[in-house]
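For reference, the structure is listed below as structure tokens.
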Amino acid sequence: MAAVEVAVRDEERAPDVRGPTAPLPATTLGLGIASIVAILGGTLALQLNTVLTGAELTPACVELGFDEVTGGTGVCGIVETLGSDAQTFLAILAIVTGTVAMVLGFGWFRRMDSIRKREQCITGGVIGIQGVALSLLLLWFREGRPDLIAKNFLNWGVLEGYGYQFLRAARNTLILAIGGELGGIVIGLVLAVLVISKRRAVRSPARVYINFFRGTPLIWQLGAGGLLLTFGFNASISPFAVAILIFSLNTGAYAAEVFRAGIQSIERGQVEAARSLGMTYGQSLRYAIVPQAVRRVIPPLMNEFVILIKDTALVVVVGLLVEQYDLFTLARSGQATTFNATFFTAAALGYLVITLPLIWLVNRVERRLRSGLVGFVGAQ
Amino acid sequence: MTFPSDPKAPPGDLEDEPLIRLEGIHKWFGDLHVLRGIDLTLAQRDVQVVIGPSGSGKSTLLRCVNLLERPTLGKVWFEGQDLTDIRTDLNEARNHIGIVFQAFNLFPHLTVMRNVTIALEKVLKVSGNDATERAWEQLVRVGLGTKAEAYPGQLSGGQQQRVAIARALAMRPRLMLFDEVTSALDPELVGEVLEVMIRLAGDGMTMMVVTHEMGFAREVGTRMLFIDEGRVVEQGEPREMYRAPQSPRLREFLGKVL
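Residue numbers (numbering that gives the first Met the number 0), protein chains in the order written: chain A, 0 to 379; chain B, 0 to 257.
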């Protein structure tokens, strides 16, 4: 075995001690990657190729009745490509390479003499499993009725002319969520201050409010809230505004618990120090406790916001005007008109476009919080 | 027992009134009887040291002086004002009583300067410039003039504790309470904090000090209190108590810690 050369240098960075590689682990890793690329990249490339070269209605598709369906040609392309020999070849290729990677990787990783070799063996084997699993899933799925799935969920043709409406719906979803979150933060902060009071008379009403809104379904709150405001209080406000109000009231209850936990997580000594300097209870909350608590509650509040974005879909029970439609209500309306569920697929993609960056951001903030550097230096 | 109608007008001659007077202090935490009737009087410029085994109630006693803990029974008189009377404005009284904690309790989200000035501005309503000036004075006094813009997390334990002392001193208190202020420090950092306290005592500050630093207690203390199981076991002049402890409990305690 060749001696691992570790040049000891006086540098900032720690040296790379993973060691050299060898043909066997490198091949294992390569086969694993080949497997996953074949099934994921290959399938995607085949479908893309069909779209670019233009699909056509085959006799088989005519037999399935696609010639009478809007966007039937596109659906036919998806189904035919899925059933093609090229797709079969890719799946088998992925299964073979993936299996070999699994056998080599898991059979030999213990015998490897460097960290890099071992990691390549394990990684190759793990990716191989994923390639094989995905391939088997695809072959299995093909045995069913992929034409029905494609026709009902992937018929992009039916979405034609809905582009502007989807953009408007996405905007409305964001307005509902941001409005509800901002209102909820204000309500939540007030409730949190009340609910940490030592006096039961102050605490109890806030607790009742929080438990009510956390304990009943949001979809019922939306439905009942609209009726209550319209008929109970004789208030003539738009259903969209009602929805924002109900989302605020509901989010307020959850935000209150987040703030309460944040405030109570600040060490007792902080209040004691503030009160000992002659500050009132209110002043010590305002200058010592809340500024520290706010930093700690940012990640959980962002998580609540992501949840709220998806929960705005429940406005579907409120009778929104067409121009007030959010993503989900628009999707349901489109589906009701065309009897095609591809609208829901599009709506789901719309939600992902909004939530994925947020989820990424929350994870980043949480990591920074754990490393101890958020806003102020050196805080534990 | 007397019930004065006005907490600010106690019986007796104001001239003779000590700075602080504790009368029959009892404290229960639930069923736990922590303080069992403690009387204590501090005159101006006294440095009252409180020693005792852990769990003896000495920290609780200290925290009763500024009503951070409200005594279950008994009275706390500060400059002739009954702090235990619920009509007393505790926030006002606490302006004049500084306290320094074992865990520093600096505000981690504020700079050293802001830690010192915030109460000056928000409580004493001192203007920004004046507050900064007063803070400077105290930070220089504890030897931390160069750290004004640092955050507490960037300082050593000893430096943080000196900031905490400066924060309390900036309020210009007439009494300073110290609650085991060196117990959380690495041994090499204890000296710098004690040094500040020794200078403070030399300047004539009235102090009440709960401590395990026996050397400090003997050299700086003008009076000493030994408490055990919530009762005063022995009190007197520190050197005398060290030299000739009267009670077996104190003798045993000194035997263990010296």
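A virtual CB, placed ideally from N, CA and C, is assigned to each residue, including glycine.
query	result
Using 8 Å as the Cβ pair cut-off and three pairs as the minimum, do the region 338 to 345 of chain A and the region 185 to 201 of chain A touch?	no
Who are the neighbours of L67 of chain B on chain A, taking C-beta pairs under 8 Å?	E271, R274, S275
Starting from the C-beta of T122 of chain A, find all residues in its chain whose C-beta is less than 8 Å away, skip the five residues before and the five after it, and write them out in chain order.	L28, G31, G104
How close, in whole Å, do the beta carbons of G70 of chain A and N154 of chain A come, if the pair is a contact with beta carbons under 8 Å?	5 Å
Applying the 10 Å Cβ sphere with the 16-neighbour rule, what's the burial state of G127 of chain B?	exposed
I need the straight-line Cα distance from K255 of chain B to E365 of chain A, nearest angstrom please.	48 Å
State the DSSP-derived secondary structure class of I226 of chain B, mapped to helix, strand or coil.	strand
Would you report the Cα separation of A380 of chain A and I308 of chain A, rounded to the nearest angstrom?	The structure shown does not extend to residue 380 of chain A, since chain A is modelled only from 0 through 379, so no value can be given for it.
Grouping DSSP H, G and I as helix and E and B as strand, with all else coil, what is D15 of chain A?	coil
Pick helix, strand or coil for E233 of chain B, following the three-state DSSP scheme.	strand
Is it true that the region 225 to 239 of chain A meets the region 266 to 275 of chain A, where meeting means three or more beta-carbon pairs spaced less than 8 Å apart?	no
Work out the CA separation of E194 of chain B and E120 of chain B for me, nearest whole Å.	29 Å
What is the C-beta distance between P107 of chain B and Y150 of chain B, in whole angstroms, given that I count them as a contact (C-beta under 8 Å)?	7 Å
Measure the beta-carbon distance from L175 of chain A to I245 of chain A and round it to whole angstroms, keeping in mind my assumption that it falls under 8 Å.	Wrong, their Cβ atoms sit about 10 Å apart, outside the cutoff.
Tell me whether R144 of chain A sits in a helix, a strand or coil according to DSSP, three-state version.	coil
Cβ of M207 of chain B within 9 Å of Cβ of I37 of chain B?	no
Are the C-beta atoms of K121 of chain B and some chain A residue less than 9 Å apart?	yes
If you draw a straight line from the alpha carbon of L176 of chain B to that of A260 of chain A, how long is it in whole angstroms?	31 Å
Quick check on L67 of chain B: does DSSP put it in helix, strand or coil?	coil
Using the Cβ count rule (16 or more neighbours within 10 Å means buried), how would you classify I358 of chain A?	exposed
Leaving out five residues before and five after A165 of chain B in sequence, what residues of the same chain have Cβ atoms less than 6 Å from its Cβ?	V115, Q137, L138, V141
Between L105 of chain B and chain A, is any beta-carbon pair separated by less than 9 Å?	yes
Which residues mark the beginning and the end of the beta strand (DSSP E) in which T20 of chain A is found?	Run containing T20 of chain A: none; DSSP gives neither H nor E here.
Any beta-carbon of chain B closer than 9 Å to the one on P298 of chain A?	no
At a CB distance below 9 Å, what residues from the region 138 to 165 of chain A approach chain B? Give them in sequence order.	none
Between the C-alpha atoms of F65 of chain A and P58 of chain A, what's the straight-line distance to the nearest angstrom?	10 Å
For G268 of chain A, go through chain B and note every residue whose CB falls closer than 7 Å to its CB, in chain order.	F100, A102, N104
Within 9 Å of any Cβ in chain B, is that where the Cβ of Q282 of chain A sits?	yes
Output yes if chain A places a C-beta closer than 9 Å to the C-beta of R166 of chain B; else output no.	yes
Please list, in chain order, all residues of the same chain as I218 of chain A whose beta carbon is under 7 Å from its beta carbon, the five residues on each side excluded.	L313, V316
DSSP three-state label for F103 of chain B, please.	coil
Since R93 of chain B and G277 of chain A are thought to touch, with beta carbons under 8 Å apart, how far apart are those beta carbons, to the nearest angstrom?	5 Å
Measuring only the C-alpha atoms, how far is T80 of chain A from I35 of chain A?	19 Å
Please compile the residues from chain B whose C-beta is within a distance smaller than 9 Å of the C-beta of A287 of chain A.	F106, H108, L109, I117
Under 6 Å Cβ to Cβ from F103 of chain B, same chain only, skipping five residues before and after it: list those, please.	Q159, Q160, A163
Please go through the region 14 to 98 of chain A and give each complete alpha helix (DSSP H) segment of 4 or more residues, from N-terminal end onward.	22 to 35, 42 to 52, 58 to 63, 71 to 81
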